[in-house]
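Undergrad: Here's a structure for you.
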Amino acid sequence: MLRKSLSICLLGLLLFAVIGSAVQAQTLKIAGLDGGWGREHWDELARRFEAANPGVTVELTLAQNIADILRPQIIARNYPDIIYLAVGSAGGLTDTLIKEQAILDITDVLDMEVPGEGVKVRDKIVPGFTDTLITNPYGDGKTYLAPLFYSPCGLFYNADLFGPGKYQLPETWDEFFELGNQAQQDGIALFTYPTTGYFDAFFYALLTQLGGPELFNRAMNYDVAAWESPEATRAFEIIGEIAKYTHPNTVAQANVANFTKNQQLILDNQALFIPNGTWLPNEMKDAPRADGFEWGFMALPKQSKDGDSYSYTFFEQMYIPKGARQVDLAKKFIAFMYTDEAAQVIYEKAGAVQPILGASELMADDDPNKLFYTIYDDGAKASMGAFAAAPPVAGVDLASILFGTIDSVVNGDVTVEQWQKDVVNAVAKIRAAIDAQ
Amino acid sequence: MKQKGSKIFVYSCIAPALLLFAVFMIYPTISVFRMSLYEWGGLSARRTFVGLKNFKVLLDDRFFLRSFQNTVLIITLVTIITLSIAIIFAYILIRERIKGENFFRVVFYIPNILSIAVIAAVFSAIYAPDQGLINGLGRLLNPDTWVNIQFLGNPRLVVYSVIGAMVWQAIGYYMVMYMASMGSIPTHLYEAAQIEGANRVRQFVDITLPLIWETVRTTLVFFIISSINISFLLVNVLTGGGPNGASEVFLSYLYRQAYNNASYGYGMAIGVVVFLFSFALAGLVSLVTKRDVVQY
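Going down the list, the sequences are from chains A and B. FYI, my numbering numbers position 183 of the first sequence as 810, with every residue one higher than the one before it. FYI, my numbering numbers position 106 of the second sequence as 389, with every residue one higher than the one before it.
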């Protein structure tokens, strides 16, 4: 009898302890990239989220090589609740999780209320951001990745070199190459690029400009005909033409160790244009520069004067991996990321801009960043997205075939025709793998 | 009974090391072979058995063949150049009793204790187009006609640029090994040879080389293993495999396929080939260089 009552007592105590701990302490594990934006804003966001949700502890793991840190943990089934790492980042972790269908559907977060604002997340995010192949990688209308920190991409230049009596900003590709000939006589190259990886934004905007969003979407869905179309051919040719005007040191410096030297070519007036995103001025803020240097930024030149101009919008993402323990809490945090409060913290601490309505109002008029974000107000259309999720095909690394080959085109080792043929072959192989599924 | 007790003692002494070896070496190696038969992204439980398909794809993969070629070129050239220079330097330092012997010994050894990231940074600076050491020197001597050599940008040069850095990094290590081996050769052999009228080259070929032959054989295996490993580290930091894969080696290609291309199983198939290749090459080298051991 005594034994029985004792065991009941113990059981009760145990249950109490279990329930107590469940109610009391919830830990939200967030792992992410400690990249160009730094980590101050994350620390502040974690602090504020904890303050708004008593009993919740946010555990932040931010590192430059976060993919290398997370890989063994994920294999050991030790999942963070939220991962902040953009598609296409070094290490391919996010891309692999997408291909492996190991990311949770968070479409319901869009219908959650932004904490304390009485508006749905869906209505707070700038239209278009949750309709892309990046956030909805399977093209099934469901959102898996939440968009963060957007940045228009385009061509950066030294504004001091342009203006009355100086060079004229090119509006069309013809003018662009004409300017290239003119600059060549002054010993300045028309173009350089940090690494071939930066051609993603360039190529996507170019393809949208030449063939419209419809062609771009077909191309991103591995439609072989789209990659063989005259518009796509023209895109390859334009880059082939640009290759001839590229600064001769570019390829040797187009690697992780030396890409800033290519960015330095712009600061030194050795090259006129470089494709990049709005983080560039911050990245090069300590670098020496030519007298009177001032950053300028424009969308890609157009096909004709009355054609459309596009600027690719780069943004990062956060998502909940399958296997995360605190799914509800993680969703709550994602909704919190779209509050005005969070956007304010992110802008003030990191200078990053959240893709929410009204975010650009956070920027002061004298903020040099404002110039970059007004590119869409000046008539450029936004282009977004990336390749749809596809099963991995051994030996076919499309990104390095599509973009990496540009180094060889610049070197003159691969012709534009051969390059396009290689891309079409790679796309066809991936298409075949999709159809076989 | 006593013998049995000592056996138990011996086994229990070996057991921890054996266990660690099994868990961290044997099991992973077997796993590599097993995983090479799967189509798998490496992160989830979704994996399909595909048999030898990964190996079939490998045979047709021209990017893999290029990384194979680069690796073979690197192993061959790095071994030949480093071996020759290291032996000659070791011989000079040991036999010629030049001034500052210890100084040179330290100077040659320093690159070996530097991390690969530092070596990559040093060679980035040496190979750079405008401010680089080599191009700068060229421009100084030839100000009007000098055209930048694109060490890391020219696909025909980039592998040799990597080889240059690897040789610089490795010489000191092997030199010290050869010096240790040469140092134990009794000097009376050289004195006798000198009395017989043998010149220094003769002495080197007929006394030094045969007596350090076993050390040379051992280091040849080291060369194979370390060239495969260090070329990966260096390529990753210095060139990223570029331009357009021209400096890709075995392991960097394995890494890119397994991680960036989400083809973990395929990466493991490359791992199997690397494993077999390095094993076979080490065996072959060992066989070809087998001589009767000369003793003093």
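Ideal placement from N, C-alpha and C gives every residue a C-beta, glycine not left out.
Does the beta-carbon distance from Gly-950/A to Arg-704/A come in below 8 Å?
TA: Reading the first sequence from its first residue, position 323 is the one you call residue 950/A. Reading the first sequence from its first residue, position 77 is the one you call residue 704/A. Yes, the pair counts as a contact, with Cβ atoms nearer than the cut-off.
Undergrad: Starting from the beta carbon of Ala-729/A, find every residue of chain B whose beta carbon is closer than 7 Å, and list them in chain order.
TA: In the first sequence, counting from the first residue as 1, residue 729/A sits at position 102. The answer, in chain order, is Leu-326 and Ser-327.
Undergrad: How would you write the range of the beta strand (DSSP E) that Val-980/A sits in, first residue to last?
TA: As a working note, residue 980/A is residue 353 in the first sequence. Element bounds for Val-980/A: n/a, residue is neither H nor E.
Undergrad: Output the boundary residues of the alpha helix (DSSP H) element that contains Ile-363/B.
TA: Position 80 of the second sequence holds residue 363/B. Start and end: 345–378.
Undergrad: Use the C-beta contact count for Ala-369/B: other C-beta atoms within 10 angstroms, 16 or more gives buried, fewer gives exposed.
TA: Here residue 369/B corresponds to residue number 86 of the second sequence, with the count starting at 1. It counts as buried.
Undergrad: Starting from Val-685/A, follow its DSSP beta bridges and name the residues at the other end.
TA: In the first sequence, the residue the question calls residue 685/A occupies position 58. Paired residue(s): Leu-655/A.
Undergrad: By the 10 Å Cβ neighbour count, where 16 or more other Cβ atoms means buried, how is Val-306/B classified, buried or exposed?
TA: Your numbering for residue 306/B matches position 23 in the second sequence. The residue in question, Val-306/B, is exposed, as its Cβ has fewer than 16 Cβ neighbours within 10 Å.
Undergrad: What first and last residue would you give for the alpha helix (DSSP H) that runs through Leu-989/A?
TA: Taking the first sequence and counting its residues from 1, one reaches residue 989/A at position 362. Here Leu-989/A belongs to no alpha helix (DSSP H), and DSSP marks it neither H nor E.
Undergrad: Which residues of chain B have a Cβ atom closer than 7 Å to the Cβ of Lys-726/A, listed in chain order?
TA: Position 99 of the first sequence, counted from the first residue, corresponds to residue 726/A. Near Lys-726/A (Cβ distances below 7 Å), the residues of chain B are Gly-324 and Ala-545.
Undergrad: Output needed for Ala-649/A: all residues of its chain with C-beta closer than 6 Å, excluding positions within five of it in sequence on either side, in chain order.
TA: By 1-based counting over the first sequence, the position of residue 649/A is 22. Confidence in Ala-649/A is poor, its pLDDT being 49 and thus under 50, which makes the residue's placement too unreliable to answer from.
Undergrad: Select from Glu-497/B, Leu-472/B and Arg-500/B the residue whose C-alpha is nearest the C-alpha of Phe-487/B.
TA: On the second sequence, position 204 is the one that residue 487/B refers to. Residue Leu-472/B is the option with its Cα nearest to Phe-487/B.
Undergrad: Report yes or no: do three or more beta-carbon pairs, one from the region 965–983 of chain A and one from the region 1033–1050 of chain A, lie closer than 8 Å?
TA: Verdict: no, contact absent.
Undergrad: Does any CB atom of chain B fall closer than 8 Å to the CB of Ala-649/A?
TA: Stepping through the first sequence from its first residue, residue 649/A is reached at position 22. Its pLDDT being 49, under 50, Ala-649/A is placed unreliably in this model, and the coordinates cannot settle the point.
Undergrad: Given a cut-off of 8 Å on the beta-carbon distance, is the pair Thr-877/A and Asn-889/A in contact?
TA: Against the first sequence, residue 877/A aligns to sequence position 250. Against the first sequence, residue 889/A aligns to sequence position 262. Against a cut-off of 8 Å, the Cβ pair of Asn-889/A and Thr-877/A comes out as a contact.
Undergrad: Would Ala-859/A and Ala-926/A be called neighbours here (beta carbons separated by less than 8 Å)?
TA: Walking along the first sequence from the start, residue 859/A turns up at place 232. Walking along the first sequence from the start, residue 926/A turns up at place 299. No; because the gap between Cβ atoms is not below 8 Å, this pair is not in contact.
Undergrad: Nearest chain A C-beta to Tyr-443/B closer than 8 Å, yes or no?
TA: The count along the second sequence starts at 1 and reaches residue 443/B at position 160. Cβ-Cβ to chain A under 8 Å: no for Tyr-443/B.
Undergrad: So which residues of chain B does Pro-1019/A contact, with C-beta pairs closer than 7 Å?
TA: By 1-based counting over the first sequence, the position of residue 1019/A is 392. Residues of chain B passing the Cβ test: Gly-324, Asn-544, Ala-545 and Ser-546.
Undergrad: Return yes when the Cβ of Val-450/B is within less than 8 Å of the Cβ of Ile-511/B, no when it is not.
TA: In the second sequence, residue 511/B corresponds to position 228, counting from 1. In the second sequence, residue 450/B corresponds to position 167, counting from 1. No; because the gap between Cβ atoms is not below 8 Å, this pair is not in contact.
Undergrad: For chain B, is any of its Cβ atoms less than 8 Å away from the one on Pro-875/A?
TA: By one-based count along the first sequence, residue 875/A stands at place 248. Output row for Pro-875/A: interface = yes.
Undergrad: Does DSSP put Ser-535/B in a helix, a strand or coil?
TA: To locate residue 535/B, count along the second sequence from 1; it is residue 252. Residue state, collapsed to three classes: helix.
Undergrad: Pull up the CB-CB distance for Glu-864/A and Val-1043/A, whole angstroms please, since I reckon it's below 8 Å.
TA: The residue labelled residue 864/A in the question sits at position 237 within the first sequence. The residue labelled residue 1043/A in the question sits at position 416 within the first sequence. That pair is a contact at about 6 Å.
Undergrad: Along chain A, in chain order, which residues have C-beta atoms closer than 7 Å to that of Asn-527/B?
TA: As a first step, residue 527/B must be located in the second sequence, where it is residue number 244. Result: Gly-1031, Thr-1032, Asp-1034 and Ser-1035.
Undergrad: Within 10 angstroms of its Cβ, does Met-945/A collect 16 or more other Cβ (buried), or is it exposed?
TA: Within the first sequence, the letter at position 318 stands for residue 945/A. So Met-945/A counts as buried.
Undergrad: In chain order, which beta strand (DSSP E) runs of at least 3 residues are fully inside the region 751–828 of chain A?
TA: With a minimum length of 3 residues, the continuous beta strand (DSSP E) runs that stay inside the region 751–828 of chain A are 773–785 and 816–818.
Undergrad: My output table needs one value for Lys-912/A: the three-state DSSP class, helix, strand or coil.
TA: Within the first sequence, numbered from 1, the residue matching residue 912/A stands at position 285. Lys-912/A falls in the coil class under three-state DSSP.
Undergrad: Just to confirm before moving on: does the CB-CB distance between Ile-1061/A and Ala-1017/A stay below 8 Å?
TA: Walking along the first sequence from the start, residue 1061/A turns up at place 434. Walking along the first sequence from the start, residue 1017/A turns up at place 390. Cβ atoms of Ile-1061/A and Ala-1017/A: closer than 8 Å.
Undergrad: Along chain B, which residues have their Cβ under 7 Å away from the Cβ of Gly-883/A?
TA: Stepping through the first sequence from its first residue, residue 883/A is reached at position 256. The question names Gly, yet the displayed sequence has Val at residue 883/A. In chain order: Gly-523.
Undergrad: Between Pro-412/B and Asn-431/B, which are expected to be in contact by the criterion C-beta below 8 Å, what is the C-beta distance as a whole number of angstroms?
TA: As a working mapping, residue 412/B is identified with position 129 in the second sequence. As a working mapping, residue 431/B is identified with position 148 in the second sequence. About 4 Å; that satisfies the 8 Å criterion.
Undergrad: On the DSSP letters alone, give me the boundaries of the beta strand (DSSP E) that Gln-930/A sits inside.
TA: Mapped onto the first sequence, residue 930/A falls at position 303. No beta strand (DSSP E) holds Gln-930/A; DSSP gives it neither H nor E.
Undergrad: For Ala-529/B, which residues in the same chain have their Cβ closer than 6 Å to its Cβ, ignoring the five residues on either side in sequence?
TA: To locate residue 529/B, count along the second sequence from 1; it is residue 246. Pro-438 and Val-441.
Undergrad: Where does Met-964/A fall in DSSP's three states?
TA: The residue you call residue 964/A lines up with position 337 of the first sequence. Coil.
Undergrad: Taking buried to mean at least 16 other C-beta atoms within 10 Å of its own C-beta, is Met-318/B buried or exposed?
TA: One-based indexing of the second sequence puts residue 318/B at position 35. Classification for Met-318/B: buried.
Undergrad: Hey, which unbroken runs of the alpha helix (DSSP H) at 4 residues or more fall wholly within the region 996–1042 of chain A?
TA: For the region 996–1042 of chain A, whole alpha helix (DSSP H) runs of length 4 or above, ordered along the chain, are 1033–1038.
Undergrad: Would Ala-373/B pass as an interface residue toward chain A - the criterion being a Cβ-Cβ separation below 8 Å?
TA: Within the second sequence, residue 373/B is the residue found at index 90, counting from 1. With 8 Å as the cut-off, Ala-373/B does not count as an interface residue toward chain A.
Undergrad: Counting C-beta neighbours from all protein chains within 10 Å, is the total for Arg-380/B 16 or more, i.e. buried, or is it exposed?
TA: As a position in the second sequence, residue 380/B is number 97, starting the count at 1. Exposed, since its Cβ has fewer than 16 Cβ neighbours within 10 Å.
Undergrad: At what residues does the beta strand (DSSP E) containing Glu-943/A begin and finish?
TA: For the purposes of this step, residue 943/A is taken as the residue at position 316 of the first sequence. From DSSP, the beta strand (DSSP E) with Glu-943/A extends over 937–946.
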